[in-house]
Amino acid sequence: MDRLNARAGDIAVWLLLLTAPFWLPRVGSYVELGTHVVIIALAAMALNVLLGYTGVLSFGHAAYFGLGAYGTALTIKYIYPSTPLALLAGIAIGTIAAAAIGPLIARLRGVYFAMCTIAFGQVFYYIAFQWSSVTGGDDGLTAWHRMPIDLGFAELDILNDNKAFYYAALAVFAACTAAMAFLLRSPFGRTLLAIRENERRARFLGIPVDRHIWMSWVISCFFVSVAGGLFALLNDFVDPRALRWDQSGEFVIMAVLGGMRSFWGPLIGAAVFVVLQDYLSSATENWMSFIGLVFVLVVLFFPRGVLGLIRRRLAS
Amino acid sequence: MTLLRVENVSKQFGSLIAVKDVSMVVEPGELRAVIGPNGAGKTTFFNLISGFLTPTGGRILFDNDDITQMLPARRVWRGIARTFQITEVFPELTVRENLRIPVEVASGFRLSPWLSRADEAAIRARVDELLEMGSLAGKAGRLVGELSHGDQRSTEIMMALALRPRLLLLDEPTAGMGDQETYDITQLIRRLHKDQKLSIVLIEHDMRVVFHLADKIMVLAEGAMLAEGTPQEIAANEAVQSAYLGKAA
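Protein chains in written order, with this note's numbering: chain A, 6 to 321; chain B, 15 to 263.
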């Protein structure tokens, strides 16, 4: 029954995502909002590999999201105007930075781990903020845009065709989520669950916990930098806020809001967050207080998140 | 050949000496009980062997290799598995998943992103075998956190066995159990010892269990070794009687 529900859930998610560009305009929205949700959802799901499946809280994921974004943007602007190449460069930069910082923090736990991730994240924020000649500083990196993708037999005009860009982003999202689902169901994925459930027991079953936390961190940061690269391409723009700690906090909020113990939970959290942000920010400057209110209500009354609530309803 | 050799280990926490100059030799196939009053340093002694703590003095040899400073996970890879005084399991996973994780680690799949069909079948078979051995087959799909204390204990022992250890350390396996559960666990330990010739060191308060199972008994008191010998020798030892057994009776 559980497995059937999960399968039905998967199908529902993919149907909604695949048809989004067609129904979004009919419900008074627009395609770019859908693209925004897909990209931010990828970041929240990436964070959840670490948060929900390994039990380790990072408050610095925006750093690798931002590095992916800056890496992509800088490559197109200064090095070579190719979208796939730029995205790969962004992913490489974000992942290498995470891999290098990982060993310094993988031994820390709880609030100490979270604090150190913030600290390292802020380092990248200030570099982007201060190094104006390259990054554009506080004004952000402008005067570049994503390039149409040459497929050999045809050209995918992701620059002017918003549906084409949506589906390009969705294809990357699909590949990434498939890889995450695959990893989490593997023996390696189960060692992460073991660490989340009981670190002491995991250690005394022969799992080198610090090393596995490092690996989970790098995998999580890899996928978050993919999302960062896509985010830069979506906006044809990056600014230092993409790296800042409040952006990291938003990813955590999305994961908790949607349900961090479930695979699709962060997707739902990201959708709620991004859509609320879109509508509320056009009505009021204080949109964040409304999201905060929703967040508090969810945490108080449905600690397993929106998806946790749906699951319980289905079970009873 | 000696399996475990503990040479004059000590552990000091600040001014408190929890374990003082204790030595112990465990031969392959031996079942040894460590007894002593509360605060005698039994669990600390276990923690030194399993790597949860490192000693402040002395050394520990396993298979003639010095493991005194080795990390816990490495000691597990060498063949030392343990359970804890307060049961340590994965409460929100099923019994089957709890057993599957150590089976996969012990089979060398800790880092595998996938399993071949043959490996998958072998792992399932091994998990089923462990479920059977621990009388847990009927509860395989239940979350461990929902099981009775006794079943959680059995699960933890089976998780340790899933590692195919050469030395099993059991810290008070029957603590907090009813008579029937105590009997079941005792029979299980006995089978592991007699049928599988597994080397076991256990800490135990229940003297019926100790005298029923142990080949040799070591008595700790105030961090130091008070006596060592066969159950008959320990029962006859006057120092032990006055320090420990006398109080219990």
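Glycine included, each C-beta is placed from N, C-alpha and C at the ideal position.
Does B:D35 come out as helix, strand or coil in the three-state DSSP assignment? Counting from one through the second sequence, the residue named residue 35 of chain B turns up at place 21. Three-state result, B:D35: strand.
Leaving out the 5 sequence neighbours to the left and right, which residues in its chain are closer than 8 angstroms to B:A263 when beta-carbon positions are compared? For the purposes of this step, residue 263 of chain B is identified with residue 249 of the second sequence, where counting begins at 1. Residue placement at B:A263 is flagged as unreliable, the pLDDT there being 43, under the threshold of 50; the coordinate-derived value follows with that caveat. Cβ within range, chain order: n/a, list empty.
By the 10 Å Cβ neighbour count, where 16 or more other Cβ atoms means buried, how is B:I11 classified, buried or exposed? Here chain B covers residues 15 to 263 and nothing more, so residue 11 of chain B does not appear.
Through-space distance from A:I96 to B:R156, alpha-carbon basis: Sequence index remark: in the second sequence, residue 156 of chain B carries index 142 (1-based). Sequence index remark: in the first sequence, residue 96 of chain A carries index 91 (1-based). Taking the straight line joining both Cα atoms gives about 41 angstroms.
Rounded distance between the beta-carbons of B:L75 and B:R19, thought under 8 angstroms: Counting from one through the second sequence, the residue named residue 19 of chain B turns up at place 5. Counting from one through the second sequence, the residue named residue 75 of chain B turns up at place 61. About 4 angstroms separates the two Cβ atoms, so the contact holds.
Whole-number beta carbon distance between A:L235 and A:A288, since they are thought to touch under 8 angstroms: Translated into positions along the first sequence, residue 288 of chain A becomes position 283. Translated into positions along the first sequence, residue 235 of chain A becomes position 230. With a Cβ gap of about 27 angstroms, A:A288 and A:L235 do not count as contacting.
From A:D283 to A:A103, what does the alpha carbon distance come to, in whole angstroms? In the first sequence, counting from the first residue as 1, residue 283 of chain A sits at position 278. In the first sequence, counting from the first residue as 1, residue 103 of chain A sits at position 98. One alpha carbon belongs to A:D283, the other to A:A103, and they sit about 30 angstroms apart.
When you compare the CB of A:S191 with every CB in chain B, is at least one pair closer than 8 angstroms? Looking up residue 191 of chain A in the first sequence gives position 186. Residue-level contact check: A:S191 touches chain B, since one or more beta carbons of chain B fall below 8 angstroms from its beta carbon.
Suppose you measure from the CA of A:F306 to the CA of B:P51; what does that come to, to the nearest Å? Taking the first residue of the first sequence as position 1, residue 306 of chain A is located at position 301. Taking the first residue of the second sequence as position 1, residue 51 of chain B is located at position 37. Between A:F306 and B:P51, the C-alpha separation is close to 47 angstroms.
Give a yes or no on whether the C-beta atoms belonging to B:P105 and B:G159 are separated by under 8 angstroms. Working through the second sequence from its first residue, we reach residue 105 of chain B at position 91. Working through the second sequence from its first residue, we reach residue 159 of chain B at position 145. In this structure, B:P105 lies near B:G159, with their beta-carbon atoms less than 8 angstroms apart.
Which residues in the same chain have their Cβ closer than 6 angstroms to the Cβ of B:L234, if we skip the five residues on either side of it in sequence? The residue you call residue 234 of chain B lines up with position 220 of the second sequence. Closer than 6 angstroms at Cβ, skipping near neighbours: G50, A54, G55, K56.
Relative to the alpha-carbon of A:V277, which residue among A:D244, A:F295, A:R266 has its alpha-carbon at the smallest distance? As a working note, residue 277 of chain A is residue 272 in the first sequence. With distances taken between Cα atoms, A:V277 lies closest to A:F295.
Compare the C-beta of B:E106 against all C-beta atoms of chain A and say whether one is closer than 8 angstroms. For the purposes of this step, residue 106 of chain B is taken as residue 92 along the second sequence, with counting starting at 1. With a threshold of 8 angstroms between beta carbons, B:E106 makes contact with chain A.
Residue ranges of each alpha helix (DSSP H) run of no fewer than 4 residues wholly in the region 65 to 153 of chain B, ordered along the chain? Complete alpha helix (DSSP H) runs here, min 4: 86 to 92, 109 to 120, 131 to 147.
Give me the Cα-Cα distance between B:L150 and B:E134, rounded to the nearest whole angstrom. In the second sequence, residue 150 of chain B corresponds to position 136, counting from 1. In the second sequence, residue 134 of chain B corresponds to position 120, counting from 1. Roughly 20 angstroms separates the two Cα atoms.
So for A:V61, helix, strand or coil by DSSP? In the first sequence, the residue the question calls residue 61 of chain A occupies position 56. Shown here, A:V61 sits in coil according to DSSP, grouped into three states, outside any helix or strand.
How is B:N22 classed by DSSP in three states: helix, strand or coil? Locating residue 22 of chain B in the second sequence gives position 8, counting from the first residue. Reduced to three states, the DSSP call for B:N22 is strand.
Nearest CA to the CA of A:A111: which residue from A:I200, A:G310, A:L319? On the first sequence, position 106 is the one that residue 111 of chain A refers to. A:A111 has its Cα closest to that of A:I200, out of A:I200, A:G310, A:L319.
For a test of the three-state rule: what should DSSP assign to B:R46, helix, strand or coil? Counted from its first residue, the second sequence places residue 46 of chain B at position 32. It is a strand residue.
Burial state of B:H207 (16 or more Cβ within 10 Å): Translated into positions along the second sequence, residue 207 of chain B becomes position 193. Per the 10 Å Cβ criterion, buried.
Members of the region 177 to 205 of chain A that neighbour chain B once the beta carbon cut-off is set at 8 angstroms: Taking 8 angstroms as the Cβ-Cβ cut-off against chain B, the residues of the region 177 to 205 of chain A that qualify are F187, L188, S191, P192, F193, R195, T196, L198, A199, E202, N203, R205.
What's the C-alpha gap between A:G322 and B:E143? One cannot answer for residue 322 of chain A here, as it falls past the ends of chain A, which runs 6 to 321.
In whole angstroms, give me the CA-to-CA distance for A:Y172 and A:D162. As a first step, residue 172 of chain A must be located in the first sequence, where it is residue number 167. As a first step, residue 162 of chain A must be located in the first sequence, where it is residue number 157. Just so you know, the alpha carbons of A:Y172 and A:D162 end up roughly 11 angstroms apart.
Determine the direct distance from the alpha carbon of B:E146 to that of A:A124, and round the result to whole angstroms. For this step, residue 124 of chain A is matched to residue 119 along the first sequence. For this step, residue 146 of chain B is matched to residue 132 along the second sequence. One Cα belongs to A:A124, the other to B:E146, and the distance between them is close to 50 angstroms.
Compare the beta carbon distance of B:M172 and B:R46 with 8 angstroms and say whether it is the shorter of the two. Position 158 of the second sequence, counting from 1, holds the residue named residue 172 of chain B. Position 32 of the second sequence, counting from 1, holds the residue named residue 46 of chain B. Pairing B:M172 with B:R46 gives a Cβ-Cβ distance that is not under 8 angstroms.
Below 9 angstroms between beta carbons is the criterion; list the residues of the region 114 to 126 of chain B that meet it against any residue of chain A, in chain order. Answer set for the region 114 to 126 of chain B: R114, I115, P116, E118, V119, A120, S121, F123, R124, L125, S126.
Beta-carbon gap between B:R92 and B:I81 smaller than 8 angstroms: The sequence position of residue 92 of chain B within the second sequence is 78, counting from 1. The sequence position of residue 81 of chain B within the second sequence is 67, counting from 1. Judged by their CB atoms, B:R92 and B:I81 are nearer to each other than the 8 angstroms cut-off.
For A:G188, which of A:Y117, A:A159, A:I224, A:G254 has the nearest alpha-carbon? The sequence position of residue 188 of chain A within the first sequence is 183, counting from 1. First, the residue type needs correcting, since residue 188 of chain A is Leu and not Gly in the sequence shown. Minimum Cα distance to A:L188 is reached at A:I224.
Quick check: what's the CA-CA separation for B:L183 versus A:A49? Taking the second sequence and counting its residues from 1, the one referred to as residue 183 of chain B is at position 169. Taking the first sequence and counting its residues from 1, the one referred to as residue 49 of chain A is at position 44. So the two alpha carbons sit approximately 42 angstroms from each other.
Thinking C-alpha only, which one of A:L93, A:T24, A:L113 is nearest A:V214? Counting from 1 along the first sequence, the entry for residue 214 of chain A is found at position 209. Answer by Cα proximity: A:L113.
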